[in-house]
Amino acid sequence: SGTDQIGWYLDAQRSVARDQRSRTSTLVSAHEPAGAAGDWCLERGSADGQFRLRLVSEGFSQPSGWYLDVEEDVRSDAQNER
């Protein structure tokens with residue numbers, strides 16, 4: 148129904164091999180409230196009204212300080228046909 152994940156948290160972790168997208172990037176996922184929950188910092192972006200999300204927590208082999216981004220460099224990045 149699309150509402151069964153309300154209240155879930157965004158996190159980035161490398162607890163299993165498939166969490167690591169590449170050597171320099173990690174997949175993000177949504178977790179139920181009883182699971183892992185990453186802490187993110189909202190930072191000013193490069194223009195007015197734009198922002199960056201930086202992971203400030205660390206855990207499950209994922210260091211803090213990494214930024215949320217969208218990529219399409221790897222074949223598996225494409226989730227839907229356009």
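Just so we're on the same page, my numbering is the position in the sequence shown counted from 1, plus 147. Note that CB positions come from ideal geometry on N, CA and C, so glycine has one too. Quick caveat, the model's predicted, so the values are computed rather than measured.
Do Thr173 and Arg161 have their CB atoms nearer than 8 angstroms? Going by C-beta atoms, Thr173 is nearer than 8 angstroms to Arg161.
Reference Trp155; option with closest CA among Pro210, Ser176, Thr171 and Pro180: Among Pro210, Ser176, Thr171 and Pro180, the Cα nearest to that of Trp155 is on Pro180.
Where Asp166 sits in the DSSP three-state scheme: Three-state result, Asp166: helix.
For Thr171, write down the residues that DSSP places opposite it in a beta bridge. Per DSSP, none; premise fails for Thr171.
Check whether Val175 and Asp158 have beta carbons under 8 angstroms apart: In this structure, the beta-carbon distance from Val175 to Asp158 falls below 8 angstroms.
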